[in-house]
Amino acid sequence: MSAERLQKVLASAGIASRRECEALIAAGRVTVNGRVVQEPGLRVDPEQDVVLVDGEPVQQPVARTYIMLHKPVGYVSTADDPHGRPTVVDLVDAPTRVFPVGRLDVDSEGLILLTDDGELTHYLTHPKFEVEKEYRVLLDRPLDADALRQWRTGVLLNDELTAPAWVDLTETTEEGPWYRVVLREGRKRQIREVAKLLGYNVQRLVRVREGELVLGDLPPREWRLLTPEEVAALRAHVPARQAREPEPERARAGAAAAGLGAAAG
3 MSAERLQKVL
13 ASAGIASRRE
23 CEALIAAGRV
33 TVNGRVVQEP
43 GLRVDPEQDV
53 VLVDGEPVQQ
63 PVARTYIMLH
73 KPVGYVSTAD
83 DPHGRPTVVD
93 LVDAPTRVFP
103 VGRLDVDSEG
113 LILLTDDGEL
123 THYLTHPKFE
133 VEKEYRVLLD
143 RPLDADALRQ
153 WRTGVLLNDE
163 LTAPAWVDLT
173 ETTEEGPWYR
183 VVLREGRKRQ
193 IREVAKLLGY
203 NVQRLVRVRE
213 GELVLGDLPP
223 REWRLLTPEE
233 VAALRAHVPA
243 RQAREPEPER
253 ARAGAAAAGL
263 GAAAG
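Just so we're on the same page, our numbering is the position in the sequence shown counted from 1, plus 2.
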């Protein structure tokens, strides 16, 4: 790898924005090959030079795999299943070991993302980020006005009120009425359980969107790699790792003595 400016190397590793990285360098919190460096324009080679921030190595980004799968009914959304049921991982031929992001019930279908990108997985699945997930839902009969209002405003599910949801009738076919349901939370079997509480049954449930990622016309059981543009759109919302305040020397020394290390979540 050719040498690059120090602040670019730090920003590419997700430490902080380039401007924030310049501040870290100016504050003397960055060392290169054991020497404190305060010139952001210094050129370094991440493969040859040892770059530390607050005493911790800077890890350069690695190539990741991002796969969109149209999950069919009958497959569990895990990498392995102790009961021997087919899994979504069985349907893809990934260049690296990937894991499903979140879950779709075994009797649900549609978009599921598989990746080895832990940061993106955390962003898409952690409730605090409220990533939208859109579904096409076939019910046994049309929602009446009261049921529609309740679903939109919140239903008491397992002693906790569900978050407001977007629920709209999109079409009525011979199968029955299809609704568009958009959630910003993901409790276990939430759509099916809410429908049941309101007195309705879900006949089919298809996830068609997660964040900016849209299933489109990808056929059931088929998969494809995400485009660079799709990956960039998803990762644009992933919070950058915060520039940490330097730990007190005593705390750092104690952690080192105890053999403790930072764990990436």
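For every residue, glycine included, the Cβ atom is placed at its ideal position computed from N, Cα and C.
Because the structure is a prediction, the values reported are computed rather than measured.
Beta-carbon separation (whole angstroms), residue i vs residue j, contact threshold 8 Å
i, j, result
"W180", "V240", "That pair is no contact at about 32 Å."
"V60", "L12", "6 Å"
"T164", "V196", "6 Å"
"S14", "P63", "6 Å"
"G48", "E24", "For the record, residue 48 in the displayed sequence is Pro; it is not Gly. Not quite, the Cβ-Cβ distance comes to about 17 Å (not below 8 Å), so this is no contact."
Helix, strand or coil at residue i according to DSSP, with G and I counted as helix
i, result
"V100", "coil"
"P166", "coil"
"R191", "coil"
"L1", "Given a span of 3 to 267 for the chain in the structure shown, any question on residue 1 remains unanswerable."
"R66", "coil"
"P48", "coil"
"I114", "strand"
"A245", "Caution is warranted here: a pLDDT of 38 is assigned to A245, below 50, making its placement in the model unreliable, and no coordinate value can be reported."
"E22", "helix"
"P179", "strand"
"Y137", "strand"
"H124", "helix"
"P42", "coil"
"A266", "Per-residue confidence for A266 stands at a pLDDT of 30, beneath the threshold of 50, marking its modelled position as unreliable; the derived number appears in the next sentence. It is coil, neither helix nor strand."
"P230", "helix"
"Q9", "helix"
Buried versus exposed call for residue i [16 or more other C-beta atoms within 10 Å across all chains shown]
i, result
"R99", "exposed"
"T123", "buried"
"D148", "exposed"
"E231", "exposed"
"R31", "buried"
"Q50", "exposed"
"V1", "Outside the displayed range of the chain (3 to 267) lies residue 1, so it cannot be described from this structure."
"A167", "buried"
"L158", "exposed"
"P84", "exposed"
"V52", "exposed"
Proximity to residue i [Cα-Cα], best of the options
i, options, result
"E22", "P102, Q9 and G30", "Q9"
"T33", "T155, I17 and D56", "D56"
"L207", "H128, D109, D161 and K190", "D109"
"L236", "V169, L171, G120 and R7", "G120"
"G104", "V78, Q62, P63 and G43", "V78"
"D146", "E162, V169 and Q62", "V169"
"A81", "L106, G188 and R226", "L106"
"R226", "G178, G86, T67 and R87", "T67"
"E132", "L54, V46 and R189", "R189"
Per the contact definition of three or more C-beta pairs closer than 8 Å, is the region 93-113 in contact with the region 68-77? The region 68-77 vs the region 93-113: in contact.
The region 200-213 / the region 110-125 touching (three or more Cβ pairs under 8 Å): Touching, per the Cβ criterion.
Should the region 182-198 be called in touch with the region 129-146, which here means at least 3 C-beta pairs below 8 Å? Judged by Cβ distances under 8 Å, the region 182-198 makes contact with the region 129-146, as three or more pairs qualify.
Check whether the region 145-160 and the region 190-202 are in contact - that is, three or more C-beta pairs closer than 8 Å. Verdict: yes, contact present.
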